[in-house]
Structures are given as structure tokens and as C-alpha cells.
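Asker: What follows is a structure written as C-alpha cells; I'll ask about it next.
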Ligand SMILES: [Zn+2]
Ligand SMILES: [Zn+2]
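Residue numbers (the numbering used here): 10 to 138.
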């Protein structure tokens, strides 16, 4: 007696887990800054039509924000304008917020996989009942 409902629920839960912007819905403080490469003062993150950019408050230098996936070493897809600061790797499930370290990103992915594993186990246990 195959229980198709469980498989469907499981697929839905996994999809939910994958699509829920669990961590960084917002960058920690809501405001993200970096050092301006030209004058070494503070540049602030802004969002223009092209995507997120760093804008230096002192010299006006503008530079595109790039977040790289530590696993795939490719540039992540920036969040759409007005969306939370959540970058998505085009080739793996990793997500990141601007300015996060590779360690932060890997740690989040580890937690996501652990949560999925726990979920799978719970579902397997229920299916075995
Ligand atoms: Zn500057
Ligand atoms: Zn990746």
C-alpha cells in the first residue's frame, strides 16, 4: 500500500525548506558597508536598476557588489531590487548575505542539510509506523 500523500508532503516540505530564506532575510544590521577601494573610506550598499552596488559616501566611487559562492567559485545571483539581502548560487543551493564569509555560508549550508536529514528521518519514521 503505497502512501502517495507522504511523498507529496515530503516534496512540499523540502521545497519549502529550500525556498525559505531562513538565514539572512536581512543583513545583520540592515545596513551594509565596506571599505572604498579608492579612498578607503566607507562605502554603503545601495540598489540600482543593475543590482546591488557599493557607493562611497566620500568620493562617490560606485562599484557592483559581488558575492561569490565559496563552493563553486562563481558569482551568486543578486537579490532583486527591494528584496531581502539574499544571494543565491546559480549552481548549488547555497545562499548568502552581502559581506558574509565563506565560513558563514558553508555553516548555513551545513545546517540546511542537517535540517533536511532530520526531516527525512522523521518522515521515514512516520512512514514505518
Ligand atoms: Zn571612496
Ligand atoms: Zn555554489
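The beta carbon of each residue, even a glycine, is placed where N, CA and C say it ideally should be.
Predicted model, so just to flag it, every value in this text is computed and none were measured.
1) Alpha carbon to alpha carbon, how far is residue 86 from residue 107?
2) Which residue or residues does DSSP assign as beta-bridge partners of residue 105?
3) Ligand 2 heavy atoms versus the CB of residue 117: any closer than 7 Å?
4) With residue 67 and residue 50 assumed to form a contact (beta carbons below 8 Å), what rounded beta-carbon distance in angstroms separates them?
5) Using the beta-carbon of each residue, find all residues closer than 6 Å to any heavy atom of ligand 1 and list them in chain order.
Answerer: If we stick to the structure as given:
1) Per the coordinates, the alpha-carbon of residue 86 lies some 11 Å from the alpha-carbon of residue 107.
2) DSSP output for residue 105 lists 96 as bridge partner(s).
3) no
4) In this structure residue 67 is in contact with residue 50, their Cβ atoms being roughly 4 Å apart against a cut-off of 8 Å.
5) 45, 47, 48, 50, 65, 67, 68 and 70
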